[in-house]
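Notes to accompany the following structure.
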Amino acid sequence: LFIPMSFLSKEAEHVEGFAKECAVVTHHRLGAAEGGGVGPAPDSVLEEPLIVRPTSETVIYAMYSKWIKSYRDLPLLLNQWANVVRWEMRTRLFLRTTEFLWQEGHTAHATHEESWDEVTKILEIYRRFAEEWMAVPVLTGVKTDAEKFAGALQTTCIEAMMQDGKALQAGTSHDLGQNFARAFDVKFQDETGSWQHCWQTSWGVSTRLIGALIMVHSDDQGLVIPPKLAATHAVIVPIYRDEAGKAKVLEVARQLKERLSVSGLGIVLDDRDTVSPGFKYNEWELKGVPVRLEIGPRDVEQGVCVAVPRVPTRELREGERRQKETLPLDGAPEHLKALLGDLQKALYARALTFREEHSYTIDDYAQFQADIEKGGFFWAHWCGSSACEAKIKDETKATIRCVPFDAKKEPGACMVCGAPSGQRVVFARAY
RNA sequence: CGGGGCGUAGCGCAGCCUGGUAGCGCACUUGGUUCGGGACCAAGGGGUCGGUGGUUCAAAUCCACUCGCCCCGACCA
Numbered sequence: 004l005f006i007p008m009s010f011l012s013k014e015a016e017h018v019e020g021f022a023k024e025c026a027v028v029t030h031h032r033l034g035a036a037e038g039g040g041v042g043p044a045p046d047s048v049l050e051e052p053l054i055v056r057p058t059s060e061t062v063i064y065a066m067y068s069k070w071i072k073s074y075r076d077l078p079l080l081l082n083q084w085a086n087v088v089r090w091e092m093r094t095r096l097f098l099r100t101t102e103f104l105w106q107e108g109h110t111a112h113a114t115h116e117e118s119w120d121e122v123t124k125i126l127e128i129y130r131r132f133a134e135e136w137m138a139v140p141v142l143t144g145v146k147t148d149a150e151k152f153a154g155a156l157q158t159t160c161i162e163a164m165m166q167d168g169k170a171l172q173a174g175t176s177h178d179l180g181q182n183f184a185r186a187f188d189v190k191f192q193d194e195t196g197s198w199q200h201c202w203q204t205s206w207g208v209s210t211r212l213i214g215a216l217i218m219v220h221s222d223d224q225g226l227v228i229p230p231k232l233a234a235t236h237a238v239i240v241p242i243y244r245d246e247a248g249k250a251k252v253l254e255v256a257r258q259l260k261e262r263l264s265v266s267g268l269g270i271v272l273d274d275r276d277t278v279s280p281g282f283k284y285n286e287w288e289l290k291g292v293p294v295r296l297e298i299g300p301r302d303v304e305q306g307v308c309v310a311v312p313r314v315p316t317r318e319l320r321e322g323e324r325r326q327k328e329t330l331p332l333d334g335a336p337e338h339l340k341a342l343l344g345d346l347q348k349a350l351y352a353r354a355l356t357f358r359e360e361h362s363y364t365i366d367d368y369a370q371f372q373a374d375i376e377k378g379g380f381f382w383a384h385w386c387g388s389s390a391c392e393a394k395i396k397d398e399t400k401a402t403i404r405c406v407p408f409d410a411k412k413e414p415g416a417c418m419v420c421g422a423p424s425g426q427r428v429v430f431a432r433a434y
C-alpha cells in the first residue's frame with residue numbers, strides 16, 4: 004500500500020506521469036492539536052514520506068531485483084488484486100474514483116519477444132472477457148506516445164464505445180521494455196554468464212469495467228446484466244388471487260426453482276406477498292436479472308411458465324410491452340439455458356451494431372470537427388506526429404483511442420497536415 | 001484554481017421575488033378493497049426550513065457572515 008517516495012523517482016517518465024496525483028503520507032501518529040482536537044504529531048514526521056500506491060510497478064520491481072538472478076528465475080509473474088489511489092482532480096462514479104480496486108499483473112522475461120508475447124496474450128484475455136462475458140465489443144490496438152502508460156515502451160488497450168458515443172479504455176497491457184529493469188536494476192545472468200536487464204510487462208483492469216457494463220447495456224429501466232455474469236439468472240414471480248391459488252402456484256414454483264437450481268442456474272423465487280407482481284417485475288428489471296419467469300394459475304393448469312428476457316427497452320417495438328415466451332415446465336432447465344445463451348449473444352450483437360452504426364471513416368478535418376460533436380468512433384489518417392495529435396485534442400477534445408491492430412493497411416494523408424499515413428487510427432472523445 | 005448552482009420531513013421537491021411561525025409526491029402506520037406490468041380509497045404519524053448574527057411587532061422568506069454539497073473546465077484508468 005505504501006511506497007517509499009524515492010521509488011517513484013527512479014523511472015523518469017513514471018514519476019512525471021503519476022507525481023501530480025499521489026496521496027502522500029508524511030506522519031505516522033496523531034497528537035493533540037493546538038486549537039483542540041487532533042492533528043499530525045509534529046514529532047512523528049516520517050524521514051521519507053510514503054506514497055499511497057497509484058500502481059505497484061516500483062515496489063514490485065524493487066523486489067524483483069532481489070529475486071531475479073538467473074535466467075532460470077524467468078519468466079516471473081506476479082498478479083494481485085489491490086486498491087490503488089490516484090488523486091485526480093475530478094472523480095466520476097465507477098470510471099474514475101480516487102480509490103479503486105483493480106487487478107494488476109507484473110512479469111519479467113529474458114527476451115523482448117517473450118515479453119511482447121505476454122503483452123498480447125493478456126490483452127487477448129481482456130478482449131475475450133469483455134466480449135464473451137461482458138458482451139461488450141472492444142477495439143484492440145496500441146496507444147500513441149501521448150496516451151501510453153508513463154514509463155512504457157508501448158501500451159496496448161481495449162477500447163469500448165458507450166451508449167453516448169464516447170470511448171472508454173477498458174483495460175491495458177504494457178510493454179515496459181527494459182525501462183523499469185534499468186531503473187530498478189532487475190538483471191539476470193543468461194546461459195553464457197553475461198548480465199542482462201529483464202524485459203517486463205504490466206497489465207490491469209479495474210472496477211471501471213462495471214461502469215463499462217452499465218454504460219453499454221443498461222437503460223432507464225435499470226441494469227442489464229449479461230447472463231454469463233449474472234449471479235441470479237432468473238427470478239420466479241408467482242401470481243395468485245386467493246389462498247387456495249397461492250398454495251397451488253407456490254408449490255409448482257418451488258418445484259421449478261429446485262429443478263432449475265440443481266441444473267446449475269441461479270434462481271430466486273420472489274414469494275413476497277407484500278408487493279404486487281407488477282411491482283416485482285419492475286424491481287427485478289431494475290436489478291438486471293436476465294430472465295423473469297411468471298407462473299400463475301393458468302400456467303399451472305397447462306404445465307408451463309412464461310419467460311420474459313430483460314432486454315433493453317429501446318429494443319421493444321411499438322405496442323409491444325415485452326417479448327414473452329411460454330416454456331413447458333418439463334425441460335425448463337434446457338429451455339432457460341438456451342434462452343440465456345440467446346440473450347448473451349443478442350446483447351453482444353446489439354452493442355456491436357451500435358458501435359458500427361456510430362463509427363465513421365473520415366478524411367476531411369473540417370468535417371471531423373463538425374461530426375465529432377455527435378459522438379462515435381472516427382477512423383482517420385494520422386501522420387504519427389504528436390503535434391497533429393495535440394492540435395486535434397485542443398481543437399476537438401478528441402483523442403486517438405488506439406492504433407487498431409486489425410485495421411487494414413491503406414495509404415492515406417494525415418487529416419491535419421496531409422503527410423503520408425499507412426493506416427487509419429481511431430479518434431473519439433473519451434471518459 | 002476559474003465559472004455556475006443547491007442546502008426546507010427518511011428520499012425527491014415547491015414555497016422565498018411581493019415577511020404573517022410549512023406544503024406536495026414517494027416512503028411509513030392502520031382499516032378495507034386489490035393482486036398476469038410499479039394498486040386504490042379512507043384515516044394517521046413525521047420537519048420548524050444547514051449554522052450564526054442582524055433588520056422587523058413578526059423571518060424558511062430580507063441583509064451580513066459562515067459551514068457543507070453538487071455541476072462544468074483543466075487532469076485521468
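Position in the first sequence (first residue = 1) + 3 = this note's numbering. Heads up, the beta-carbon is just placed ideally off N, CA and C, and yes, glycines get one too.
- In the three-state reduction of the DSSP assignment, Leu-142 falls in the strand class.
- Of Pro-315, Leu-272, His-112, the smallest CA-CA separation from Leu-226 is found for Pro-315.
- About 5 Å separates the CB atoms of Leu-346 and Pro-230; that is less than 8 Å, so the two are in contact.
- Per DSSP, reduced to three states, the secondary structure at Ile-242 is coil, with no helix or strand assignment.
- Residue environment: Leu-80 is assigned as exposed (fewer than 16 neighbouring CB atoms within 10 Å of its CB, all protein chains considered).
- Ala-422 sits in coil when the DSSP states are folded into three classes, being neither helix nor strand.
- In the three-state scheme derived from DSSP, where H, G and I count as helix and E and B as strand, Pro-52 is classed as strand.
- Apart from the 5 residues on each side of it in sequence, Gly-180 sits with its Cβ closer than 6 Å to the Cβ of Leu-156 in its chain, given in chain order.
- The straight-line gap separating the alpha-carbon atoms of Glu-91 and Thr-101 is approximately 6 Å.
- Here Tyr-363 is actually not in contact with Phe-191; their C-beta atoms are around 48 Å apart, not less than 8 Å.
- Under DSSP, Tyr-363 takes part in a beta bridge, and its partners are Phe-381.
- Around the C-beta of Pro-241, 16 or more other C-beta atoms lie within 10 Å, and the residue is accordingly described as buried.
- Contact annotation, Val-252 with Val-303: C-beta distance approximately 6 Å; criterion of less than 8 Å satisfied.
- Counting along the chain, the unbroken beta strand (DSSP E) around Ser-209 starts and ends at 202-209.
- The three-state reading of DSSP puts Asp-188 in coil, since its state is none of H, G, I, E or B.
- His-361 places its beta carbon less than 7 Å from that of Gly-168.
- In the DSSP assignment, Arg-301 falls outside any beta strand (DSSP E) and within the unbroken alpha helix (DSSP H) covering 300-305.
- If you look at Asp-374, you'll find it in the alpha helix (DSSP H) that goes 368-374.
- Straight-line measurement puts the Cα of Lys-327 at about 35 Å from the Cα of Leu-98.
- Per DSSP, reduced to three states, the secondary structure at Gly-42 is strand.
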